[in-house]
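Participant: Those sequence lines, one after another, are chains D and A.
If you're matching positions, the first sequence starts at 6 in the working numbering and goes up one per residue.
If you're matching positions, the second sequence starts at 20 in the working numbering and goes up one per residue.
The C-beta atom is built at its ideal place from N, Cα and C for all residues, glycine as well.
On a predicted model such as this, the values are computed, not experimentally measured, just so you know.
First the structure, then my questions, so here it is.
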Amino acid sequence: MSVMRALTLLLVLGVSASVAQAQPAGSAAPAPAAPAPAAPAAPAPAPMGAPAPAGAPAPAADPAPAPASAPPLEDAIKLRQTCVAAMNANEGFARSIIQKAIDTDRVSVQAMCTDIDTVKTHQEAVADVEKNERHVIGAYAAMWVIAALFLLYLLRRQQRLRAEIDQLRRDLDAAAKDTKDGK
Amino acid sequence: MKRQRPSPVVLVFALLSAVGFVASTWLVFTRSPLSVNYNADGSLVGTSLFYNQKIFYFHVAHAFWLFGSVFVAGVASIVYLATRNARWDDIAIASVEVAAAYGAVVCVTGSIWAKAAWDVWWNTEPRLTMSLLLWLILMGCVIVRRFAGPSADRIAAGMAIFGMVGVPFIYKMVGQDSHPAAGSQGVVATLAPGMRGPFWLAVATFLCWFIALVVYRVQGTRAEREVRELRERALDLGVLS
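Structure follows, in structure tokens:
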């Protein structure tokens, strides 16, 4: 039952989409309740924002460009009834139709996921360039490390020199004292 | 052992540089804008540096005083060779050592910035190659001074002069390669208003740091001379063999 419910839902959605496609794009005019006899497949083009005059036949020489795949409403209902009847009559046919719908949906979902991944990758790359903390922190750390090493080098060298100076002075004082004492 | 205290000049300039470093870092990361450039039609210029431009403030400030210290070392070496006054030799060797440290900062931070902006750690364009050569000359000067024996002071002085001569060539090469242009139309002269304060504060900070290090190092070279004199006396008296 659930399969049939899903199928019916799909068909209703498909019919709704077909009807929506049959509307002239960008027109704010409401769809006429009764289509003009000369052009029953599609409503006549109306001026933007103005409703079509009631009962006025559309010029036959200038039919509205309707999508080739969009059937009229009555035809769509009839097609739907025919399709439902055929699917109810043949279980294999019903399954193949459902499988086709699922496959189509999977492909579109996969394409959508690919798009999302691409957009996400690009957004991450932009964010990485805009807020590149890694290299800035690395550069500042390198500066600190070099400055600290140089300072340490200077301090240790100075300490070693002071120690050597003190030692030499002590040795010289001792040598001078020994000389004075006549040793 | 008597502990030698740094001179008041060293302490004052070290304190100034510490304060300047904290202040300039705070300004760089909280006040200076991101480096984003737009075309006339409002679209983003692909070479916009964004956050990694923060390296500029200390990289270029160090480069300024690298050139400054090499110039000081070169002039002091010329005067030393002309007068043989040891004071000038002290200033020259101290400036060379500080220049070598500043040069290391410039090369390393520049390499990291190159990786961030150009996606390469190094390339062999003239400016980078000449900068590396200058740093190698400075390191050579330090090594010669330490290991070359009695004539080390004169050889090191000659090398320092050689390094100083190279600085204008490096400066002239700015703008002829991947680096932005220098001079009156250069990147420093045309900095955005929000970037000027932090940058010039960083330049002043590293000038203070340079002075503190040079003065402290001059004290060290005087101690080295004292050690040499004491050794000679000790040899004369037979204390050292």
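Using DSSP with H/G/I as helix, E/B as strand and the rest coil, what is A:Ser62?
Facilitator: To locate residue 62 of chain A, count along the second sequence from 1; it is residue 43. In this structure, A:Ser62 counts as coil in the three-state DSSP scheme.
Participant: Chain D partners of A:Trp132, CB-CB under 8 Å?
Facilitator: Locating residue 132 of chain A in the second sequence gives position 113, where the first residue counts as 1. Correct list: His140, Ala144.
Participant: Closest to A:Val89 by CA distance: which of A:Leu254, A:Ala179, A:Gly239, A:Val258 is it?
Facilitator: The residue labelled residue 89 of chain A in the question sits at position 70 within the second sequence. Nearest C-alpha to A:Val89: A:Ala179.
Participant: What is the DSSP secondary structure of A:Ser26, reduced to helix, strand or coil?
Facilitator: Against the second sequence, residue 26 of chain A aligns to sequence position 7. In this structure, A:Ser26 counts as coil in the three-state DSSP scheme.
Participant: For D:Ser113, which three-state DSSP category applies?
Facilitator: Position 108 of the first sequence, counting from 1, holds the residue named residue 113 of chain D. Correct three-state label for D:Ser113: helix.
Participant: With 8 Å as the limit, tell me which residues of the segment 243 to 254 of chain A have their beta carbon closer than that to any beta carbon of chain D; keep them in chain order.
Facilitator: Answer set for the segment 243 to 254 of chain A: Glu243, Glu245, Val246, Leu249, Arg250, Arg252, Ala253.
Participant: Go to A:Pro217, then tell me how far its alpha helix (DSSP H) extends in each direction, as first and last residue.
Facilitator: Position 198 of the second sequence, counted from the first residue, corresponds to residue 217 of chain A. Note, A:Pro217: alpha helix (DSSP H), 212 to 256.
Participant: Could you check whether the Cβ of A:Gly87 sits closer than 8 Å to any Cβ belonging to chain D?
Facilitator: Within the second sequence, numbered from 1, the residue matching residue 87 of chain A stands at position 68. For A:Gly87, the answer is no, since every Cβ of chain D falls outside 8 Å of its Cβ.
Participant: Would you say D:Gln86 reaches chain A, if we count a Cβ-Cβ gap shorter than 8 Å as a contact?
Facilitator: Here residue 86 of chain D refers to the residue found at position 81 of the first sequence. No - not a single Cβ of chain A is within 8 Å of the one on D:Gln86.
Participant: Using the Cα positions of A:Lys73 and A:Val127, report the straight-line distance between them to the nearest angstrom.
Facilitator: Locating residue 73 of chain A in the second sequence gives position 54, counting from the first residue. Locating residue 127 of chain A in the second sequence gives position 108, counting from the first residue. Roughly 15 Å separates the two Cα atoms.
Participant: Hey, how far is the Cα of A:Met158 from the Cα of A:Ala105?
Facilitator: Within the second sequence, the letter at position 139 stands for residue 158 of chain A. Within the second sequence, the letter at position 86 stands for residue 105 of chain A. Going by the C-alpha atoms only, they are around 21 Å apart.
Participant: State buried or exposed for D:Thr109, treating a residue as buried only when at least 16 other CB atoms are found within 10 Å of its CB.
Facilitator: The residue given as residue 109 of chain D occupies position 104 in the first sequence. Looking at its Cβ environment, which holds fewer than 16 other Cβ atoms inside 10 Å, D:Thr109 is exposed.
Participant: How would you call A:Asn71, buried or exposed, if buried means at least 16 neighbouring beta carbons within 10 angstroms?
Facilitator: Within the second sequence, residue 71 of chain A is the residue found at index 52, counting from 1. Per the 10 Å Cβ criterion, buried.
Participant: For the alpha helix (DSSP H) containing A:Trp140, list its first residue and its last residue.
Facilitator: Counted from its first residue, the second sequence places residue 140 of chain A at position 121. Note, A:Trp140: premise wrong, no alpha helix (DSSP H); not H, not E.
Participant: Inspect the CB distances between the segment 222 to 230 of chain A and the segment 31 to 51 of chain A and report whether three or more fall short of 8 Å.
Facilitator: yes
Participant: Is the distance from the Cβ of A:Val125 to the Cβ of A:Val207 below 8 Å?
Facilitator: Residue 125 of chain A sits at position 106 when you count from the first residue of the second sequence. Residue 207 of chain A sits at position 188 when you count from the first residue of the second sequence. For A:Val125 and A:Val207, no; Cβs fall outside 8 Å.
Participant: Nearest to D:Val141 by alpha carbon, out of A:Arg173, A:Ile156, A:Trp154, A:Gly129?
Facilitator: Working through the first sequence from its first residue, we reach residue 141 of chain D at position 136. Here the closest residue by C-alpha is A:Gly129.
Participant: Could you please give the first and the last residue of the uninterrupted alpha helix (DSSP H) stretch that includes D:Asp178?
Facilitator: Position 173 of the first sequence holds residue 178 of chain D. Where D:Asp178 is concerned, the enclosing alpha helix (DSSP H) stretches over 138 to 185.
Participant: Return the CA-CA distance between D:Pro42 and D:Pro77, expressed in angstroms with no decimal places.
Facilitator: As a position in the first sequence, residue 42 of chain D is number 37, starting the count at 1. As a position in the first sequence, residue 77 of chain D is number 72, starting the count at 1. Model confidence at D:Pro42 stands at a pLDDT of 39, short of 50, so the residue's coordinates are unreliable; what they give is reported in the following sentence. For D:Pro42 and D:Pro77, the distance between alpha carbons rounds to 13 Å.
Participant: For A:Arg250, which residues from the same chain have a beta carbon less than 7 Å from its beta carbon, with the 5 sequence-adjacent residues on both sides left out?
Facilitator: Counting from one through the second sequence, the residue named residue 250 of chain A turns up at place 231. Excluding sequence neighbours, A:Arg250 sits near Leu259.
Participant: What are the partner residues of A:Phe69, as DSSP defines its beta bridges?
Facilitator: By one-based count along the second sequence, residue 69 of chain A stands at place 50. A:Phe69 pairs with A:Ser54.
Participant: Use the C-beta contact count for A:Leu85: other C-beta atoms within 10 angstroms, 16 or more gives buried, fewer gives exposed.
Facilitator: Taking the second sequence and counting its residues from 1, the one referred to as residue 85 of chain A is at position 66. A:Leu85 should be labelled buried.
Participant: Is the Cβ of A:Asn104 closer than 8 Å to any Cβ of chain D?
Facilitator: Translated into positions along the second sequence, residue 104 of chain A becomes position 85. Answer no: the Cβ-Cβ gap between A:Asn104 and chain D never drops below 8 Å.
Participant: Using the beta-carbon count (16 or more within 10 Å), is A:Gly257 buried or exposed?
Facilitator: Working through the second sequence from its first residue, we reach residue 257 of chain A at position 238. By the 10 Å Cβ count, A:Gly257 comes out exposed.
Participant: Using a beta-carbon distance cut-off of less than 7 Å, what residues from the segment 116 to 129 of chain A approach chain D?
Facilitator: Ala120, Ala123, Val124, Val127, Thr128
Participant: To the nearest angstrom, how far is it from the Cα of D:Glu169 to the Cα of A:Ser26?
Facilitator: Here residue 169 of chain D refers to the residue found at position 164 of the first sequence. Here residue 26 of chain A refers to the residue found at position 7 of the second sequence. Approximately 20 Å, taken between the alpha carbons.
Participant: Counting C-beta neighbours from all protein chains within 10 Å, is the total for A:Arg146 16 or more, i.e. buried, or is it exposed?
Facilitator: As a working mapping, residue 146 of chain A is identified with position 127 in the second sequence. So A:Arg146 counts as buried.
Participant: Quick check on A:Met20 - is its C-beta less than 8 Å from some C-beta in chain D?
Facilitator: Counting from 1 along the second sequence, the entry for residue 20 of chain A is found at position 1. Reliability of the predicted coordinates at A:Met20 is poor, the pLDDT of 49 falling under 50, and the value obtained from them is presented with this limitation in mind. Yes, because at least one Cβ of chain D sits closer than 8 Å to the Cβ of A:Met20.
Participant: With DSSP collapsed to three states, give me the class of A:Gly205.
Facilitator: As a first step, residue 205 of chain A must be located in the second sequence, where it is residue number 186. DSSP places A:Gly205 in coil when its eight states are reduced to three.
Participant: In terms of residue numbering, what span does the alpha helix (DSSP H) encompassing A:Gly87 cover?
Facilitator: As a working note, residue 87 of chain A is residue 68 in the second sequence. Counting along the chain, the alpha helix (DSSP H) containing A:Gly87 begins and ends at 75 to 102.
Participant: Is A:Leu46 near A:Gly216, with beta carbons less than 8 Å apart?
Facilitator: The residue given as residue 46 of chain A occupies position 27 in the second sequence. The residue given as residue 216 of chain A occupies position 197 in the second sequence. Yes, these two residues count as a Cβ contact at 8 Å.
Participant: Taking any Cβ of chain D, which residues in the segment 70 to 83 of chain A have a Cβ under 8 Å from it, in chain order?
Facilitator: Tyr70, Asn71, Lys73, Ile74, Phe77, His78, His81
Participant: Could you tell me how far apart the beta carbons of A:Val186 and A:Ala175 are, in whole angstroms, since I believe they sit closer than 8 Å?
Facilitator: Taking the second sequence and counting its residues from 1, the one referred to as residue 186 of chain A is at position 167. Taking the second sequence and counting its residues from 1, the one referred to as residue 175 of chain A is at position 156. The pair is not a contact, with the Cβ atoms about 17 Å apart (cut-off 8 Å).
Participant: Using a C-beta to C-beta distance shorter than 7 Å, which residues of chain A count as neighbours of D:Ile170?
Facilitator: Working through the first sequence from its first residue, we reach residue 170 of chain D at position 165. Result: Ala242, Glu245, Val246, Leu249.
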